[in-house]
Amino acid sequence: MGIWRGLERSLSLIPCSLSAGTWCFDSQDPKCGPTHWKELAPACGGPIQSPINIDLRLVQQDSSLQPFVFQGYNLAPPVLLHMDTSPQNHLEMWGAGLPSPAYRAQQLHFHWGAPGHTGSEHSLDGKHYSMEMHVVHINTKYQSLGEAHLPDGLAVLAVLLAEQNQDNANFSAIVLGLNDVSSPGVSVNMTSTFPLASLLPGPLVLLHYYPYSGSLTTPGCEPTVLWTVFKNTVPIGHLQLAQFQAVPQAGMLGLHPEPLRDNFRPLQPLGGPAVPPVSPILAGVHGALLGLGLSLVLWQNP
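Here the sequence shown is numbered in UniProt numbering, starting from 1 and rising by one per residue.
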């Protein structure tokens with residue numbers, strides 16, 4: 001993660017780079033892949049980095065952890081909306097051990113592999129999955145991303161996506177827009193909207209999660225992220241996965257650009273505290289009254 005956009009109902013390809021140079025994934029060019037990121041951003045070689053493998057044998061239950069409270073995740077916006085400063089237009093969450101007061105959704109993006117290979121960033125007991133979705137939030141007490149570069153600045157929900165034969169209708173609006181996403185920096189309005197809650201695990205299994213303190217998974221790799229990795233996966237259809245794997249790389253010239261694949265960071269060693277305990281089964285997940293669309297950013301690099 002490294003690019004931020006307001007909340008919109010659109011898809012876009014946005015190349016990521018640093019002032020000191022350009023970073024990429026090994027599938028694009030090993031010379032600027034993850035092993036070289038620390039040359040551009042020293043934090044990428046630091047001790048508290050993400051993603052990680054979560055060893056379920058080491059996880060313990062903690063009765064003090066509470067369920068998430070979501071505001072705005074259960075309704076789809078009727079029209080294209082842009083983010084503004086009005087509090088009632090924000091998707092926010094709190095609870096689940098997160099610091100006060102709340103965290104506001106900024107964007108979501110996806111990581112995936114090549115055909116026939118896994119593409120998730122996190123793993124559970126060493127098992128990777130077909131894709132991983134990240135919903136990125138900023139602490140509402142901060143007014144800018146610069147202020148949010150503190151240990152409680154960001155919170156990311158990580159959802160592991162498992163491939164299946166049948167399409168998942170909840171991803172239809174996103175997948176339909178992929179064919180029109182072909183140039184970096186160009187936004188494509190989606191034909192329909194959806195409630196963000198429809199992309200998350202169901203209300204009951206949403207109570208099973210693994211929180212830990214980590215970092216952004218792209219440069220500058222700042223250790224400012226409170227991660228929540230959900231135990232239960234969300235299905236995505238084989239043909240839907242293929243649509244992601246066909247997205248062209250940003251910055252590629254010619255009639256047949258190479259597709260973007262393997263856009264994930266490898267697992268990082270545990271350099272900080274062990275993964276905190278998973279929450280127990282609790283009474284329920286609170287809903288919300290207000291909804292807003294999201295800006296969907298597909299991570300690309302030139």
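Just so you know, even glycine gets a beta-carbon here, dropped at the ideal spot from N, CA and C.
Fill in: Span of the alpha helix (DSSP H) around G177
172 to 178
Discussion item. My assumption, with CB atoms under 8 Å, is that M133 sits in contact with L199. Please give the rounded CB distance.
Written reply: 7 Å
Item to complete: Measure from the C-beta of F244 to each C-beta in chain C and report whether the shortest distance is under 8 Å.
Response: Among the chains of the structure shown, chain C does not appear; only one protein chain is present.
Fill in: Alpha-carbon spacing of G45 relative to W37, whole angstroms
8 Å
Worksheet item: Going by alpha carbons, who is nearest to P235 out of P151, L160, Y73?
Response: Measuring from the Cα of P235, the nearest candidate turns out to be L160.
Worksheet item: Do you know whose CA, among H117, P67, L108, lies nearest R261's CA?
Response: Comparing Cα-Cα distances from R261 to each of H117, P67, L108, the minimum goes to H117.
Practice prompt. Throw me the rounded Cβ distance for the T228 and P211 pair, which I believe falls under 8 Å.
Written response: 5 Å
Worksheet item: In three-state DSSP terms, what is V205?
Response: helix
Worksheet item: Which first and last residues belong to the beta strand (DSSP E) in which A162 is found?
Response: 154 to 164
Discussion item. Considering just the uninterrupted stretch of the beta strand (DSSP E) at H134, what are its terminal residues?
Written reply: In the DSSP annotation of this structure, the continuous segment of the beta strand (DSSP E) that includes H134 starts and ends at 131 to 139.
Discussion item. If contact is defined by three or more beta carbon pairs under 8 Å, each pair taking one atom from either stretch, is the segment 49 to 56 in contact with the segment 214 to 223?
Written reply: yes
Fill in: Contact the segment 124 to 131 vs the segment 147 to 156: 3+ CB pairs below 8 Å
no
Item to complete: Out of A105, A162, R57, state which residue places its alpha-carbon closest to the alpha-carbon of V136.
Response: A105
Item to complete: Compute the minimum distance between the beta carbon of A43 and the heavy atoms of the ligand MG, and state whether it is under 7 Å.
Response: Within the structure as shown, the ligand MG is missing, as the structure has no ligands at all.
Worksheet item: Under the rule that 16 or more other beta-carbon atoms within 10 Å means buried, what is T233, buried or exposed?
Response: Buried, because 16 or more other Cβ atoms sit within 10 Å of the Cβ of T233.
Item to complete: Select from N139, G119, S100, Q240 the residue whose C-alpha is nearest the C-alpha of A169.
Response: Q240
Discussion item. Tell me the residue span of the alpha helix (DSSP H) that contains L108.
Written reply: Looking at the DSSP string, L108 is not in any alpha helix (DSSP H); the run it does join, the beta strand (DSSP E), is 103 to 112.
Worksheet item: Can you pull the DSSP bridge partners for G214?
Response: V225
Discussion item. My output table needs one value for W37: the three-state DSSP class, helix, strand or coil.
Written reply: helix
Discussion item. Taking the straight line between their C-alpha atoms, what separation do you get for residue 360 and H238?
Written reply: The displayed coordinates of the chain run from 1 to 302. Any statement about residue 360 would go beyond what the structure contains.
Practice prompt. Go to Q71, then tell me how far its alpha helix (DSSP H) extends in each direction, as first and last residue.
Written response: Not the alpha helix (DSSP H): Q71 falls in the beta strand (DSSP E), residues 68 to 71.
Fill in: Alpha-carbon spacing of Q28 relative to C221, whole angstroms
19 Å
Worksheet entry | N263 classed as buried or exposed, judged by whether at least 16 other C-beta atoms fall within 10 angstroms | buried
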